[in-house]
Amino acid sequence: MKKQQPKVATFSLIGFDPDTREWGIAVQSKFLGVGAVVPWAKAETGAIATQSFANTSFGPDGLTYLDRGLSPEEVVEKLIADDPDMELRQFAVMDRHGETAVFTGNDCYDWAGHRQGAHCTAQGNILVSEDTVHQLVHTFESAQGTLAERLLEALHQGQEAGGDSRGKQSAALFVVKEKGGYGGYNDRVYDLRVDDHKEPIKELRRLYDLHQLYFTRPKEEDLIPVEGDLLKELIGLIREQGIQVPDEKAYTDEVKEALKTYFMRENFEERWIEDAQIDPEVLSYMRKQETMY
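The numbers in the sequence shown follow the UniProt record's numbering, run straight up by one, and end at 293.
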C-alpha cells in the first residue's frame, strides 16, 4: 500500500535582488515545520520552492540542474518527467538571473495557482482565493528595504489577503548570498524557521529582528560616546548583570573590559566597538533588560 503523504498546503514567494545578488524564499503554511520542506536555494545558482504533496528531491535536484545551465522551464520539465504524482505537485524555480518557471498540477487542492512578477514568483494551494498570490507579488514589487524585509512584508500582506484556508501554523525565511553566512563561511544570510506557532509570521518577524540585533554591524554615524551621565548609567547597567566594575569618571580599561565581558556574554560580538563608543541598539537592549528585573 502506498504511504500517505502530507499535503504541505501553503503559500510561498521566491524573490531576487539583482543589486545585492541575494535569492530568498518566504513561506507560511498550516503545516508543522514548513521550513524543512519548501525552501531550497544556493547562491549564484537560484532558488526552488516545492509544495503540495511536496517532492523534496525537487529542491536539490533542481538546483543541480540549474548549476548545469538548464533554464527554469527546462528544470520544471526534467523534474516532472518521471514523477507519477506530478499533477499533485506545485513548485517554482528561479535561476541566477531572477527568471522563473512554475508548475501547479491539475490535482492540487483549490484554490491553487501562481503568479510571476519582476524577479519574483508567488504560488499557493488550498488558499482562500487567488488574492493571496496577487498580493504577494504586488507587495514584493512595491516594497522598500532589503530582500528579506520585502519578503517578510509580502508574506504578511499575503496572509492579510486570505492565506491558507485552513489557518496558520509555521513559517520560514531563507535567504542566500555568496559568502553571506556567519563569518563568510557559507551562503546562508537568513535561515529562520517557526515550526509551530499561533502567529507564525509575527514570530518569524521577531526572529528576524533578533537576527538583525545580533549579527548586524552598527553604522559609524550612529555610535554614542561613552562619557558623562551615560558612562555612569552603563556602569550601573553592567553591575545589574552581575559583572564587577569600579566607579570611574572616565572610560578606563577596567570599564572597557567589563563592558566587553557583557557584549561577549550576550553574543553582541558583531556590535562591539573598541574605542569609547557604544552601539545604540545594544544600549537600548541593556535598558530593557534593567526593566525586566
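No residue lacks a Cβ here, since even glycine has one placed at the ideal position from N, Cα and C.
Tell me whether residue i sits in a helix, a strand or coil according to DSSP, three-state version.
{"i": "Ile-48", "result": "strand"}
{"i": "His-211", "result": "helix"}
{"i": "Val-282", "result": "helix"}
{"i": "Glu-22", "result": "strand"}
{"i": "Gln-277", "result": "strand"}
{"i": "Gly-117", "result": "strand"}
{"i": "Gln-90", "result": "strand"}
{"i": "Lys-288", "result": "helix"}
{"i": "Asp-222", "result": "helix"}
{"i": "Lys-2", "result": "Caution applies to Lys-2, whose pLDDT of 47 falls short of 50 and renders its modelled position unreliable; the value that the coordinates give is listed next. Here Lys-2 sits in coil by DSSP."}
{"i": "Val-34", "result": "helix"}
Measuring only the C-alpha atoms, how far is residue i from residue j?
{"i": "Thr-139", "j": "Glu-99", "result": "18 Å"}
{"i": "Gly-117", "j": "Glu-141", "result": "8 Å"}
{"i": "Ile-80", "j": "Lys-177", "result": "28 Å"}
{"i": "Asp-17", "j": "Gln-123", "result": "19 Å"}
{"i": "Val-102", "j": "Pro-39", "result": "14 Å"}
{"i": "Lys-30", "j": "Ser-165", "result": "9 Å"}
{"i": "Asp-247", "j": "Asp-222", "result": "26 Å"}
{"i": "Lys-2", "j": "Leu-32", "result": "With a pLDDT of 47 at Lys-2, under the threshold of 50, the predicted position of this residue should be treated as unreliable, though the coordinate-derived value follows. Cα to Cα, the separation comes out at about 22 Å."}
{"i": "Leu-151", "j": "Ala-250", "result": "45 Å"}
{"i": "Val-76", "j": "Asp-95", "result": "12 Å"}
{"i": "Arg-21", "j": "Glu-74", "result": "23 Å"}
{"i": "Pro-225", "j": "Leu-234", "result": "12 Å"}
{"i": "Trp-272", "j": "Val-245", "result": "18 Å"}
{"i": "Cys-120", "j": "Asp-279", "result": "35 Å"}
{"i": "residue 294", "j": "Asp-195", "result": "What is shown of the chain runs 1 to 293, which leaves residue 294 out entirely."}
{"i": "Val-128", "j": "Ala-112", "result": "9 Å"}
{"i": "Arg-239", "j": "Asp-209", "result": "27 Å"}
{"i": "Gly-158", "j": "Phe-263", "result": "38 Å"}
{"i": "Leu-13", "j": "Gly-242", "result": "45 Å"}
{"i": "Gly-156", "j": "Lys-202", "result": "What sits at residue 156 in the sequence shown is His, not Gly. So the alpha carbons of these two residues sit roughly 8 Å apart."}
{"i": "Ile-126", "j": "Asp-82", "result": "25 Å"}
{"i": "His-211", "j": "Thr-261", "result": "20 Å"}
{"i": "Gly-167", "j": "Trp-23", "result": "27 Å"}
{"i": "Phe-53", "j": "Gly-15", "result": "23 Å"}
{"i": "Gly-46", "j": "Val-175", "result": "11 Å"}
{"i": "Thr-10", "j": "Glu-257", "result": "49 Å"}
{"i": "Gly-181", "j": "Val-27", "result": "20 Å"}
{"i": "Glu-87", "j": "Gly-162", "result": "24 Å"}
{"i": "Trp-106", "j": "Ala-143", "result": "It is Asn, not Trp, that sits at residue 106 in the sequence shown. Rounded to whole angstroms, Asn-106 to Ala-143 spans 32 Å at the Cα level."}
{"i": "Arg-115", "j": "Arg-265", "result": "46 Å"}
{"i": "Asp-191", "j": "Gln-289", "result": "27 Å"}
{"i": "Arg-206", "j": "Leu-173", "result": "12 Å"}
{"i": "Leu-237", "j": "Lys-179", "result": "36 Å"}
{"i": "Asp-85", "j": "Thr-104", "result": "12 Å"}
{"i": "Glu-199", "j": "Leu-136", "result": "18 Å"}
{"i": "Cys-108", "j": "Ala-41", "result": "24 Å"}
Hey, quick one: how far does the alpha helix (DSSP H) through residue i stretch, first residue to last?
{"i": "Thr-261", "result": "253 to 265"}
{"i": "Arg-239", "result": "228 to 240"}
{"i": "Pro-39", "result": "Not the alpha helix (DSSP H): Pro-39 falls in the beta strand (DSSP E), residues 39 to 42."}
{"i": "Val-76", "result": "72 to 81"}
Would you kindly report the start and end of the unbroken beta strand (DSSP E) that includes residue i?
{"i": "Asp-67", "result": "Per DSSP, Asp-67 belongs to no beta strand (DSSP E); it is in the alpha helix (DSSP H), 58 to 67."}
{"i": "Leu-13", "result": "10 to 17"}
{"i": "Phe-103", "result": "100 to 104"}
request  = May I have a chain-ordered list of the alpha helix (DSSP H) segments no shorter than 4 residues that lie completely inside the region 122 to 205?
outcome  = As for any alpha helix (DSSP H) of minimum length 4 sitting wholly inside the region 122 to 205, the runs are 131 to 142 and 147 to 160, ordered along the chain.
request  = Pair every Cβ in the region 209 to 224 with every Cβ in the region 54 to 67, then say whether three or more of these pairs are closer than 8 Å.
outcome  = Flag = no, the region 209 to 224 and the region 54 to 67 do not touch.
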